[in-house]
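Residues -35 to -1, 1 to 508 (mature numbering (1 follows the signal peptide of the UniProt record, and there is no 0)) make up the sequence shown, in order. Beta carbons: idealized from backbone N, C-alpha and C, even for Gly. The structure displayed is predicted, hence computed values, not measured ones. To keep things clear, I will list the structure first and then write my remarks on it.
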Amino acid sequence: MMELYVPRRRATSACAVLALVLLSDILAAPALTLAAPPTGAGPAGNIVIASSQSAEPGAAAGSAGRRVFASQLERDDARNRTYQPSFGLFPKGCRWRTVTHDNSSAVTYQYWDFQEETWRDERPAACVPTTYPAPGPPGWRWNNDTPRTEVTCQTSHCVYTNMYYNNGRWYALVDGELFIPSWRFSRNQEVVPFHVLDAKEFTDSVKYHVVPGDTILFDFIFFIHPTAIGHWWEMLGPLYSILKTINFKRPCDQFVLLHLGRQHLLEWVRAMIAVTLGVGLDEELPPVLVQEETDNAWNQITQQLSGFARDTWYVFERVLIVKDLATGGGRVFHTFDDAREFRGLIYRQYGLPPPAPRPQVPRVITFQRKRANRRIVNEPEFVELLKQYGELKIVEYGSNSSLYEQLLQMRETGVYISVHTSNLANAPLLQPGSAVFEIIQRNWMWNGLDRSFKDQTHMMADIHHYAWRAKYINQTVYLNERDFYKVGHWPAGQCGTEECVEAHTNVDVIVDLDEFKALLDDRLPHVWAGESVQKASIPWPDW
C-alpha cells in the first residue's frame, strides 16, 4: 500500500554546514544564521547556504552606492512578539518590518523612524497615500477638461485617464446613454462602468480626492500563494517591456499592488519591482499602495486600499494596467534583448558584473531543496546521484534570504536543479551557458504552468532548460489524504479544475533515479561542451 504521508524530517546538527556566503558588502554588520539540513541531505562536504540577516538597525553603503538599512531577527518575550529582519530597498521614507505574534496567524508592522533611528508602531506619513481633496492639487486640471474616464488599449495593456476607486472597487465613469459592459482587466479584477448622464454633475455631487500623476495598477493574480515569487516574472517581464515603449513615467508616481500585504513584499520582490519601474541606483521605490490586511487570502481580495476612506471617491489621473494571460496578455518579456537587459540590471542593483559567457561552464551543481512540500522523498539517493557529475552545493532560501546572496550563488552555478516551485525564480538569473534541470510533479500542466519557468529562461536565449516529469501515482505522495482519494486517480488531461491543480501543489515527489540519470548523461556533455541552447535543446516532456 502506498504511503500517504512523509515522516517529518529531523534536522541534523549545524556542524554539517561548512560554508556560507558573506554579505558584508551589502548589509550592515551581517550575522548569518546556520540552518541545518534535513536528514539525508548528504555528507558534510555539501554546502548549505542559509538565510542571511544583519545585526543592529543601521546604514551601510552598498556596492552600488545606495544606503541599505538592515535589522536582524528580534524576539520580545514580554509582548509575545517576533520582529522579522528588514533589509534591502524600500519606498522612500517607508521602511517596515513584519511583526508576528504568538498563537496568531495575523501580522502587524513596525516602521523605521529615520529621525530618531528607532522602530515605532505608528505608520509614518511616507507610508500613507498622498491624495488631494477636490478640486485637486494647486494648478491641477482634468485631462481633456472632463472628469469622464477615457481609455486607450493595446494588445498587452490599457492606459486609463480618470480612473475611479471607491469602497474596494475600480470604476470607469461613463456619461451619456451608450451602455458599456464591465471589463475584467485581470483574472481576479474588473473595471466596472459607472453610468451617469453628466460626468461633471456627478463629481460635483460627491466627495472626491485626486491621486495625481502616473499610477501602475498591478494585480498579483496568484494571491492564494502570496510567497510564490516565481510568478512575479510572469507579470513584471511584460510590464518592463511595455514601460520601455509607451509614454508613461518611469519610475511611476505610485504603484498599487492588489491582493498582497507588506509582508509579501520580500527583498527579492522589491528589487525586481525597482528594476521594472526604472528606479535608479541612487533612488528608492515610489510609494507602494496595498490593501488593508487580513489573515485570509480569500478575504484579502475584497479589502479596501490602506489609507483610503470608504465614503470617498478617488480619481487616479493616469493608470496603466498590464493584461495577464486570462485577459489576452502574455507572461514573458516582449523581446530577448529586454530579458537579458533586465537580468543585467538586477546584478547592477547589487554592484555585481553583468552575466557574461564564461570560458568554460563550471561543473558546479546547485541543488535547491524544499522543506514544506514538493520535496524529493528519495533525496538521499538523489543527492548521491548528483555528486557523480560535479561539485554539489545544496542551498535552501527563505523569506529572509537576500537576493545578493542568491545572485552570488547563481554566478558560480553551472547546473541548477530543483523541483518545480518558486525555488526556480532564480533560474532566469543564471549566467549564459548554464543549465536548469527541473523536476515537475505529476499532473502539473494546467494553463502551461509546467512551462512557466522554461518560458522565462527561454527569453534569455542562453540558458539550457530540461525537465523530468513524474507521471505515475507511485511517484507522488499526497500530503493530504483527501487529495489522494479525490484526485489521485485523475489523468493529467482532466486535472484542470482548481481543486485538482491546488492538490498537486501539496505533494512530494519520488524521482525515478534511472530516468533522471539518463537525462543527465544525455544532456550534460552538451552543456559542458558549451553548445548553444538551440543546438542542445530537446522536446519538453509530455504529460
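Exercise. Are three or more beta carbon pairs between the segment 187 to 206 and the segment 302 to 314 nearer than 8 Å?
Worked result: yes
Exercise. Sorted by chain position, which residues of the same chain lie with C-beta nearer than 8 Å to A501's C-beta, five sequence neighbours on each side aside?
Worked result: H429, R488, H491 and V492
For this session: Between the Cα of W198 and those of F298, F332 and P112, spot the shortest distance and give me the residue it belongs to.
Result: F298
Exercise. Taking just the CA atoms, how far does G413 sit from G461?
Worked result: 11 Å
Exercise. Any idea what DSSP makes of K358, helix, strand or coil?
Worked result: strand
Problem set entry | Boundaries (first-last residue) of the alpha helix (DSSP H) holding G202 | W197 to L208
Exercise. Who does V429 pair with in a DSSP beta bridge?
Worked result: Here the sequence assigns His to residue 429, which means Val is not the residue at that position. DSSP output for H429 lists A400 as bridge partner(s).
Exercise. In whole angstroms, what separates the C-alpha of G243 from that of P216?
Worked result: 5 Å
Exercise. Relative to the alpha-carbon of A193, which residue among E356, G363, T180 and L254 has its alpha-carbon at the smallest distance?
Worked result: G363
For this session: Below 8 Å CB to CB, which residues in the same chain sit around H454 once its five sequence neighbours on both sides are set aside?
Result: I438
Problem set entry | Alpha carbon of S367 to alpha carbon of G53, nearest angstrom | 8 Å
For this session: My understanding is that V329 touches S121, with C-beta atoms under 8 Å, so please give their C-beta distance in whole angstroms.
Result: That pair is no contact at about 38 Å.
For this session: Taking the CB atoms as reference points, tell me whether R416 and K436 lie closer together than 8 Å.
Result: no
Exercise. Hey, which unbroken runs of the beta strand (DSSP E) at 3 residues or more fall wholly within the segment 19 to 103?
Worked result: 23 to 26, 32 to 36, 39 to 41, 46 to 48, 51 to 53, 61 to 66, 72 to 78 and 83 to 85
For this session: Flag this pair as yes or no: are the beta carbons of F220 and I186 separated by less than 8 Å?
Result: no
Exercise. Cα separation between P322 and T114?
Worked result: 49 Å
For this session: Excluding the 5 residues preceding and the 5 following A390 in the sequence, name in chain order all residues of the same chain whose CB lies nearer than 6 Å to its CB.
Result: I194 and G195
Problem set entry | Inter-residue spacing [alpha-carbon to alpha-carbon] between G58 and E480 | 53 Å
For this session: Would you identify the three-state DSSP class for R376, choosing helix, strand or coil?
Result: helix
For this session: Output the boundary residues of the beta strand (DSSP E) element that contains R283.
Result: W278 to V287
For this session: Using 10 angstroms around the beta-carbon of L(-14), count the other beta-carbons present and answer buried if the total reaches 16, otherwise exposed.
Result: Residue confidence is low: L(-14) scores 31 on pLDDT, short of 50, so the model does not pin down where it sits. Its coordinate-derived value is still stated next. Exposed, since its Cβ has fewer than 16 Cβ neighbours within 10 Å.
Exercise. How would you write the range of the alpha helix (DSSP H) that residue 557 sits in, first residue to last?
Worked result: There is no way to answer for residue 557, as the model of the chain reaches only from -35 to 508.
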